[in-house]
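When the letters of the sequence shown are read in order and numbered with this note's numbering, they come out as residues 16 to 420.
Glycine included, C-beta positions come from ideal geometry on N, C-alpha and C.
Okay, so here's the structure we're looking at.
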Amino acid sequence: MANPPASVPITVRGRYLWRGDERFFVRGVTYQVPDAQDPISDTCLPQLKHDVELFKELGLNTLFIYTVDNTKRHGQAMKLLEQAGIYVFTSVATPFSSINRTEPYQSYHRPSVTEYFQTVDVMSQYPNTLGLLAGNSVTNSPSTQRAAPVIKAVVRDLKRYMKIHNEANGQRILPIGYTAADADQLDTTVLNFLSWGDPASSIDFWTCNCYMWAGLSNYQISGYERLVARLQSAALPIIMSEYGVNIQPRQFEETAALYSPQMSQVFSGGCAYDFWESSNGYGLVELVNQEQPRTTPAWAVEQDDETPLARADDPEKTAEKRQTERGPLSIYHDFVNFKAKLDATRHIEHDWEGDIMEREATERGSVDVSQMNWPWEPENQIPDTVVDWVETEDLVNGRGLLYVM
């Protein structure tokens, strides 16, 4: 069944995502295109038109884009995705401006925040922007947890900027989130810090990369049961931003679990990694360039002395070959398996209680994070803003040159 157009903005209410009055589940993939830093810019429209047909075949409704080029146009590409019923979430960071996990305070400065604001201005134009991420896998070790206060400062600045724009010209206020490198205790500590306290400086949703489920595992053995228990008290929408261990063949049994009633009380879906084949061998499909030699992907090595994995161009990995205007296309068994698991979860019933959600959201917002002990304190505190808000209001209201640094 085709998705309805993604013209209704996704909103956050309590611990879930909503499309109007209907709960919204992310059914997505991570989307990267070789040699294209920003796969949803209008310069990539020919490729995107090709890929949208495959997205529709899979039944996707969401793409996770790692970064966009905020100097390029995106109107045609985002409209194409909107008509296909596909939402997008991405990071405010660019390859040139992001929070440096080893020097977080030095990387928090006015030029970088200005870059983030430009991404907000670009992506807030489109109803199918699901949300923006203040950071992606910034805190990935105990030593980098000290970046958490800087992430919170960026969230605060983004929300204040969107509020000013909304009051001045009605520009949409987007949900702001954060992507964790994992969902272990280290990252859930950061989750609590970023999601508790004043909503004006707290994330609206949280995403995590999760590669716990390997092959033909199950809800208990994989660790998913423990994961759900650990995140049960996190009263905000949670999405798996990446999942899908590359044990061949990829059966995507975890997809069935992710949308089951057991997990949907906590999770709002996720994005399988990765759509296009690359050197790491995680792709669902591949355009075969017959003019360039193929490289063996990272997964195409022996698992043990007796069980070598098939190469990416081996018939055991490829379910179907198609001729397209972009070139020969290999449809992997991974694509077929992922599609089957997504299709099987479309009509599962999900229960929730609105009054509990509202209470949880209120309790989350009432926590005073400054009165709690965090592992990066006392040396690392939330920095004062680097933004001149008087000047910013003048710029937004047309009384100055926008993006003066």
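Cα-Cα separation, LEU357 to VAL351:
The count along the sequence shown starts at 1 and reaches residue 357 at position 342. The count along the sequence shown starts at 1 and reaches residue 351 at position 336. Going by the C-alpha atoms only, they are around 10 Å apart.
Beta strand (DSSP E) runs wholly inside the segment 206-272, at least 3 long, in chain order
DSSP runs (the beta strand (DSSP E)) wholly in the segment 206-272: 220-225 and 253-258.
Continuous alpha helix (DSSP H) stretch holding ILE188: start and end
Along the sequence shown, read from residue 1 onward, the residue named residue 188 stands at position 173. Here ILE188 belongs to no alpha helix (DSSP H), and DSSP marks it neither H nor E.
Span separating the alpha-carbon of THR144 from that of LEU96:
Position 129 of the sequence shown holds residue 144. Position 81 of the sequence shown holds residue 96. Cα to Cα, THR144 sits roughly 10 Å from LEU96.
Beta-carbon separation of VAL44 and ALA287 under 8 Å?
Taking the sequence shown and counting its residues from 1, the one referred to as residue 44 is at position 29. Taking the sequence shown and counting its residues from 1, the one referred to as residue 287 is at position 272. Yes.
Pairwise C-alpha distance: GLU130 and THR400
Numbered from 1 along the sequence shown, position 385 holds the residue referred to as residue 400. Numbered from 1 along the sequence shown, position 115 holds the residue referred to as residue 130. Between the alpha carbons of THR400 and GLU130 lies a distance of about 15 Å.
Between the C-alpha atoms of SER122 and ILE55, what's the straight-line distance to the nearest angstrom?
Taking the first residue of the sequence shown as 1, we reach residue 122 at position 107. Taking the first residue of the sequence shown as 1, we reach residue 55 at position 40. Our two residues, SER122 and ILE55, have alpha carbons roughly 27 Å apart in a direct line.
Limits of the beta strand (DSSP E) - the one that TRP391 falls within
Locating residue 391 in the sequence shown gives position 376, where the first residue counts as 1. First-last for TRP391: undefined, no H or E at that position.
Which partner residues of GLY342 appear in the DSSP bridge assignment?
As a first step, residue 342 is located in the sequence shown; it is residue number 327 there, counting from the start. According to DSSP, GLY342 bridges with THR339.
How would you write the range of the alpha helix (DSSP H) that TRP404 sits in, first residue to last?
Walking along the sequence shown from the start, residue 404 turns up at place 389. 404-411 is the extent of the alpha helix (DSSP H) around TRP404.
Keeping to the same chain, check which residues put their C-beta closer than 8 Å to that of ALA271; ignore five residues upstream and five downstream.
The count along the sequence shown starts at 1 and reaches residue 271 at position 256. Cβ-Cβ distances below 8 Å link ALA271 to LYS356, ALA359 and THR360 in the same chain, with the five nearest sequence neighbours on each side left out; the list follows chain order.
My output table needs one value for ARG38: the three-state DSSP class, helix, strand or coil.
The residue labelled residue 38 in the question sits at position 23 within the sequence shown. Of the three classes helix, strand and coil, the one that applies to ARG38 here is strand, per DSSP.
What whole-angstrom Cβ distance do PHE290 and VAL303 have, given they're in contact under 8 Å?
The residue given as residue 290 occupies position 275 in the sequence shown. The residue given as residue 303 occupies position 288 in the sequence shown. For a cut-off of 8 Å, the C-beta gap from PHE290 to VAL303 is around 16 Å, too long to register as a contact.
Cα separation between GLN263 and ALA163?
If you number the sequence shown from 1, residue 263 lands on position 248. If you number the sequence shown from 1, residue 163 lands on position 148. The alpha-carbon of GLN263 is positioned some 36 Å away from that of ALA163.
Local conformation of ARG309 per DSSP, three classes
The residue you call residue 309 lines up with position 294 of the sequence shown. Residue confidence for ARG309 is low, a pLDDT of 49 falling below 50, so the modelled location carries little weight and cannot support an answer.
Just confirm the distance between the C-beta atoms of ALA108 and ASN155, as a whole number of angstroms; I'd bet it's less than 8 Å.
Counted from its first residue, the sequence shown places residue 108 at position 93. Counted from its first residue, the sequence shown places residue 155 at position 140. At roughly 15 Å, the Cβ-Cβ gap does not stay under 8 Å, so ALA108 and ASN155 are not in contact.
Outcome for ASN233 when other beta-carbon atoms lying within 10 angstroms are tallied against a minimum of 16
Position 218 of the sequence shown, counting from 1, holds the residue named residue 233. ASN233 comes out exposed.
Tell me where the beta strand (DSSP E) around GLU301 begins and ends.
Your numbering for residue 301 matches position 286 in the sequence shown. Looking at the DSSP string, the run of the beta strand (DSSP E) that includes GLU301 is 300-302.
Just to confirm, are VAL170 and SER112 a CB contact at a threshold of 8 Å?
For the purposes of this step, residue 170 is taken as residue 155 along the sequence shown, with counting starting at 1. For the purposes of this step, residue 112 is taken as residue 97 along the sequence shown, with counting starting at 1. Their beta carbons are not under 8 Å apart, which means VAL170 does not touch SER112 by this criterion.
Within its chain, find whatever has a CB closer than 6 Å to the CB of VAL83; leave out the 5 residues flanking it on each side and keep chain order.
Along the sequence shown, read from residue 1 onward, the residue named residue 83 stands at position 68. Hits under 6 Å: ASP53 and THR105.
Of all the options THR203, GLY35 and LEU273, which has the alpha carbon lying nearest to the alpha carbon of TRP389?
Working through the sequence shown from its first residue, we reach residue 389 at position 374. Closest by C-alpha distance to TRP389, out of THR203, GLY35 and LEU273, is THR203.
Report the start-end ranges of each beta strand (DSSP E) in the segment 81-154 that is 3 residues or longer and not cut off at the edges.
Segments of the beta strand (DSSP E) lying fully in the segment 81-154: 102-106 and 144-151.
Beta carbon proximity, TYR274 to chain C, threshold 8 Å
Going by chain labels, chain C is absent from the structure shown, which holds only one protein chain.
CA-CA distance, PRO323 and GLN186?
Your numbering for residue 323 matches position 308 in the sequence shown. Your numbering for residue 186 matches position 171 in the sequence shown. Confidence is the limiting factor: at PRO323 the pLDDT is only 34, short of 50, which leaves the residue's position unreliable, though a coordinate-based value still follows. The alpha-carbon atoms of PRO323 and GLN186 are separated by roughly 54 Å.
DSSP on ILE25, reduced to helix/strand/coil?
Here residue 25 corresponds to residue number 10 of the sequence shown, with the count starting at 1. Three-state DSSP puts ILE25 in a strand.
Contact under 8 Å by Cβ, ILE254 with PHE208
Numbered from 1 along the sequence shown, position 239 holds the residue referred to as residue 254. Numbered from 1 along the sequence shown, position 193 holds the residue referred to as residue 208. Between ILE254 and PHE208, the C-beta spacing is not below 8 Å.
Looking only at C-alpha atoms, which of GLY192, TRP228 and SER152 sits nearest to LEU201?
On the sequence shown, position 186 is the one that residue 201 refers to. Checked all of GLY192, TRP228 and SER152; the closest Cα to LEU201 is SER152.
Helix or strand or just coil, what does DSSP make of GLY429?
Here the chain comprises residues numbered 16 to 420, so residue 429 is not present and cannot be evaluated.
Suppose you measure from the CA of PRO214 to the CA of GLY380; what does that come to, to the nearest Å?
The residue given as residue 214 occupies position 199 in the sequence shown. The residue given as residue 380 occupies position 365 in the sequence shown. About 6 Å.
Helix, strand or coil at ALA315 according to DSSP, with G and I counted as helix
Position 300 of the sequence shown holds residue 315. The predicted position of ALA315 is uncertain, since its pLDDT is 45 and thus under 50; no value can be drawn from it.
Per-residue burial, HIS124 [other beta carbons within 10 Å of its own, 16 or more giving buried]:
Stepping through the sequence shown from its first residue, residue 124 is reached at position 109. Classification of HIS124: exposed, given that the 10 Å Cβ count is below 16.
Could you compute how far the alpha carbon of GLU406 sits from the alpha carbon of ILE397?
Within the sequence shown, the letter at position 391 stands for residue 406. Within the sequence shown, the letter at position 382 stands for residue 397. Their backbone Cα atoms lie some 22 Å apart in a straight line.
Run the CB neighbour count on HIS362, radius 10 Å, all protein chains shown included, and call it buried at 16 or more, exposed below.
As a first step, residue 362 is located in the sequence shown; it is residue number 347 there, counting from the start. With fewer than 16 other beta carbons inside 10 angstroms of its own, HIS362 counts as exposed.
Name the DSSP beta bridge partners of LEU32, please?
Residue numbering aside, residue 32 sits at position 17 when the sequence shown is read from its first letter. Answer is VAL27.
Is the beta carbon of PRO390 within less than 7 Å of some heavy atom of the ligand NAP?
Inclusion of the ligand NAP in the displayed structure is not the case, the ligand content being empty and no account of it being possible.
Buried or exposed by the 16-neighbour rule on C-beta atoms within 10 Å, applied to ASP349
The residue given as residue 349 occupies position 334 in the sequence shown. Of the residues assessed, ASP349 falls on the buried side of the cut-off, its CB having 16 or more other CB atoms within 10 angstroms.
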